[in-house]
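Working notes for the structure below.
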Amino acid sequence: MLGFLFRLLPFWVREPLFIVVGSVFGVRIMYLALREEEWAAAGIGVVFLVVTAARVHTVVQALRARRNPSPAASVGGAVSDAAVQPHSQVAGQRLVPDPDPEKEPNALGQAVAAVAVFAALGVALWLGPHLLPPDEDSTPPAASCSSGEGEELPSAYDKTSQAVTGDELCKALNRSDLAQLLGTPAETATMASGTNNTAPLTDGKVAQPAAEVQFDTYTVNVSATYNKMSIAQYVKLMEFGEEPDVKTLSVLGRPGVLSSDHTVALEFNLGSGGSGGSVGQGPLARTLSVALDGNDRGGYYDITVWSKSGALPDDSALLDIAETILPTIHERTL
């Protein structure tokens, strides 16, 4: 279709356009073909250049013909009298010369105009992406929390009226500024989820909702444990176990403690003759535990951060996350 439209253009517009297009495409294809060593593409580039050279020859011949027009010839090859003597008398009457014929369009002007228009279009296409505002839709959207509406909660949540749900924790954690709090402001959450779990070794009697948000660099997990263990008792257990990197502090007027521990790595053997999976030691994680209330009457929030590489953010990032999201978590009422 485009070739048909080109052929409708005047000769002195069409041919320069074909020459410019053929030259640009031919040189570009040859350059890419030689760089990538694609000889089939190099052949296509040669075809473009050969056709362009033929059109250049055609234009040169046309320009020469316009500059040196040949005299009109008769059918027998002799020059006609009318061509030699335009003002001679025929049948006793003097020939009256025709009015000045309409001037033909300037061929050089047409060619220059065509090339200028094509060059302007090329410059616009080249600079367009740099001048237009960035396309916001090209950025992948942040992960959203899946709705847990209609999901039946374990009985432990009914017995603990103030227990929040995993969906509520997820909405509190999956903030637009969470990546900035972690020190990676350019990242976008790739996964967000919440679960309504119960604490292990409690026979399903202790509610322990959790939420998790993943980024390319870090993964953040927030959980709430509604048991009777206070932060003070928790710290004593850590000291008894001689756990390293333990640091007590106050967060939002509540007792808190920082600790480190390794995550659990699960490996599955899916090959023939495999004996299942194995449990190993994963990368190090840093956890900030904060009491549910200022009186430390039992129960706590855990904010845990880890990465596949084992790198961890500063403890200040955990404090910033806790001070930002904990005030937004409201107790559930039945």
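Here the sequence shown is numbered in my numbering, starting from 7 and rising by one per residue. We treat Cβ as the ideally placed atom computed from N, Cα and C, and that holds for glycine. Model, not experiment: these values are computed from the prediction.
Burial state of residue 243, where buried means 16 or more other Cβ atoms lie within 10 Å:
The residue is exposed, with fewer than 16 neighbouring Cβ atoms inside 10 Å.
May I have the straight-line CA-CA distance separating residue 57 from residue 180, to the nearest angstrom?
60 angstroms
Backbone CA spacing between residue 255 and residue 263 [nearest angstrom]
6 angstroms
Would the region 192 to 203 count as touching the region 293 to 308 if we require 3 or more Cβ pairs under 8 angstroms?
no
C-alpha gap between residue 47 and residue 74, whole angstroms
Cα to Cα, the separation comes out at about 41 angstroms.
Buried or exposed for residue 71, please, with buried defined as at least 16 other CB atoms from any protein chain shown within 10 angstroms of its CB.
exposed
Counting C-beta neighbours from all protein chains within 10 Å, is the total for residue 207 16 or more, i.e. buried, or is it exposed?
exposed
I'd like to know whether the C-beta atoms of residue 320 and residue 189 end up nearer to each other than 9 angstroms.
yes
How would you write the range of the alpha helix (DSSP H) that residue 244 sits in, first residue to last?
237 to 246
CB-CB length for residue 326 against residue 187, believed under 8 angstroms:
5 angstroms
State the Cα-Cα distance for the pair residue 333 and residue 170, rounded to the nearest angstrom.
13 angstroms
Beta-carbon proximity list for residue 209, same chain, < 7 angstroms, skipping 5 on both sides
Cβ neighbours of residue 209 beyond the five flanking positions: none.
Distance, residue 62 Cα to residue 101 Cα:
With a pLDDT of 47 at residue 101, under the threshold of 50, the modelled position of this residue cannot be trusted, and the question is left open.
Which residues does DSSP list as the beta-bridge partners of residue 268?
290
For residue 307: DSSP bridge partner residues
230 and 296
Which word fits residue 260, buried or exposed, when buried means at least 16 other C-beta atoms lie within 10 angstroms of its C-beta?
By the Cβ-count criterion, residue 260 is buried, with 16 or more other Cβ atoms from all chains shown falling within 10 Å of its own Cβ.
With distances taken Cα to Cα, identify the nearest neighbour of residue 35 among 21, 23, 54 and 22.
54
Would you mind working out which of 41, 38, 148 and 29 sits nearest residue 182, comparing C-alpha positions?
The shortest C-alpha to C-alpha distance from residue 182 to any of 41, 38, 148 and 29 is the one to 148.
Using only alpha-carbon positions, find the residue among 221, 249, 236 and 305 that is nearest to residue 230.
Per the Cα distances, 305.
To the nearest angstrom, report how far apart residue 335 and residue 247 are at their CA atoms.
Cα to Cα, the separation comes out at about 31 angstroms.
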